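Peer 1: Residue numbering for the sequence shown follows the UniProt record's numbering, beginning at 1 and increasing consecutively. Cβ coordinates follow ideal geometry from the N, Cα and C atoms, glycine included. Just so we're clear, the structure is a prediction, and the values are computed from it rather than from any experiment.
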Amino acid sequence: MKNDTRPPSIPRPLVRVNQWTIVLSVLLTWIFQNEWILLIPFLAGLCGLLFDVNPVMKIAKYFLRKPITAYIPEDMKQQKFNQVIAVCCLAGGFISALVGLKAIFYIFTIMVALAAVIAICGFCIGCFIYFQWNQFKYRRKVRSQG
Numbered sequence: 001m002k003n004d005t006r007p008p009s010i011p012r013p014l015v016r017v018n019q020w021t022i023v024l025s026v027l028l029t030w031i032f033q034n035e036w037i038l039l040i041p042f043l044a045g046l047c048g049l050l051f052d053v054n055p056v057m058k059i060a061k062y063f064l065r066k067p068i069t070a071y072i073p074e075d076m077k078q079q080k081f082n083q084v085i086a087v088c089c090l091a092g093g094f095i096s097a098l099v100g101l102k103a104i105f106y107i108f109t110i111m112v113a114l115a116a117v118i119a120i121c122g123f124c125i126g127c128f129i130y131f132q133w134n135q136f137k138y139r140r141k142v143r144s145q146g
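(1) Shortest alpha-carbon distance to alanine 97 belongs to which of Ala113, Trp36, Cys124 and Trp133?
(2) Based on the DSSP secondary-structure assignment, which residues constitute the bridge partners of proline 11?
(3) Just confirm the distance between the C-beta atoms of valine 112 and isoleucine 22, as a whole number of angstroms; I'd bet it's less than 8 Å.
(4) Note down the Cα distance separating asparagine 34 from leucine 64, rounded to an integer number of angstroms.
(5) Measuring only the C-alpha atoms, how far is leucine 49 from lysine 80?
(6) Helix, strand or coil, according to DSSP, for glycine 122 in the structure here?
(7) Please classify glutamine 19: does DSSP put it in a helix, a strand, or coil?
(8) Give the straight-line distance between the Cα atoms of isoleucine 104 and alanine 119, rounded to the nearest whole angstrom.
(9) Helix, strand or coil for glutamine 135 per DSSP?
(10) Thinking residue 148 and aspartate 75 are a contact (beta carbons under 8 Å), I'd like their distance in whole angstroms, please.
(11) Looking only at C-alpha atoms, which of Pro13, Val17 and Pro41 sits nearest to valine 26?
(12) Do you know whose CA, among Tyr138, Thr109, Ala86 and Val117, lies nearest cysteine 47's CA?
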């Protein structure tokens, strides 16, 4: 039995597939003016948050050519945090489209698609927010002890 002390992680290619799914779903939603397409990344992300199984990532896992440990790991806690933000934006976009609030629909879908594209390019906005949030909590804790 191996003693693995690394934090739980997700291989980067699986994270990238999830990000591309968000981007492509938003683009297809805009092109076809069909908000139901947003349910693909929304439900996949929701399943990941509620049941720890993202169907998009699960399917993509079968296409990995190397062992999972050979890929750059992405921190699972950060990815879950990012997924919460994405699921909220996707839900906001979907619901606003259903009730006819086109401006809100575009705001939510642009935010989630832009964040995913920027993450694909190498800078994770959700990770930055996660880091700043943890810094804030740490500073508040230190101040309350001192």
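Peer 2: Looking at the atomic coordinates:
(1) Here residue 97 corresponds to residue number 97 of the sequence shown, with the count starting at 1. The candidate whose alpha carbon is nearest that of alanine 97 is Trp36.
(2) Mapped onto the sequence shown, residue 11 falls at position 11. Partner(s): Pro73.
(3) Residue 112 sits at position 112 when you count from the first residue of the sequence shown. Residue 22 sits at position 22 when you count from the first residue of the sequence shown. Contact between valine 112 and isoleucine 22 is confirmed by a C-beta separation of about 6 Å, below the 8 Å threshold.
(4) Within the sequence shown, residue 34 is the residue found at index 34, counting from 1. Within the sequence shown, residue 64 is the residue found at index 64, counting from 1. Cα to Cα, asparagine 34 sits roughly 31 Å from leucine 64.
(5) Residue 49 sits at position 49 when you count from the first residue of the sequence shown. Residue 80 sits at position 80 when you count from the first residue of the sequence shown. Taking the straight line joining both Cα atoms gives about 7 Å.
(6) Translated into positions along the sequence shown, residue 122 becomes position 122. Glycine 122 falls in the coil class under three-state DSSP.
(7) Counting from one through the sequence shown, the residue named residue 19 turns up at place 19. Note: glutamine 19 maps to helix in three-state DSSP.
(8) Here residue 104 refers to the residue found at position 104 when the sequence shown is read from its first residue. Here residue 119 refers to the residue found at position 119 when the sequence shown is read from its first residue. The alpha-carbon of isoleucine 104 is positioned some 23 Å away from that of alanine 119.
(9) By 1-based counting over the sequence shown, the position of residue 135 is 135. Reduced to three states, the DSSP call for glutamine 135 is helix.
(10) One cannot answer for residue 148 here, as it falls past the ends of the chain, which runs 1 to 146.
(11) Indexing the sequence shown from 1 puts residue 26 at position 26. It is Pro41 whose Cα lies nearest to the Cα of valine 26.
(12) As a working mapping, residue 47 is identified with position 47 in the sequence shown. Distance check between cysteine 47 and each of Tyr138, Thr109, Ala86 and Val117 places Ala86 closest, using alpha-carbon atoms only.
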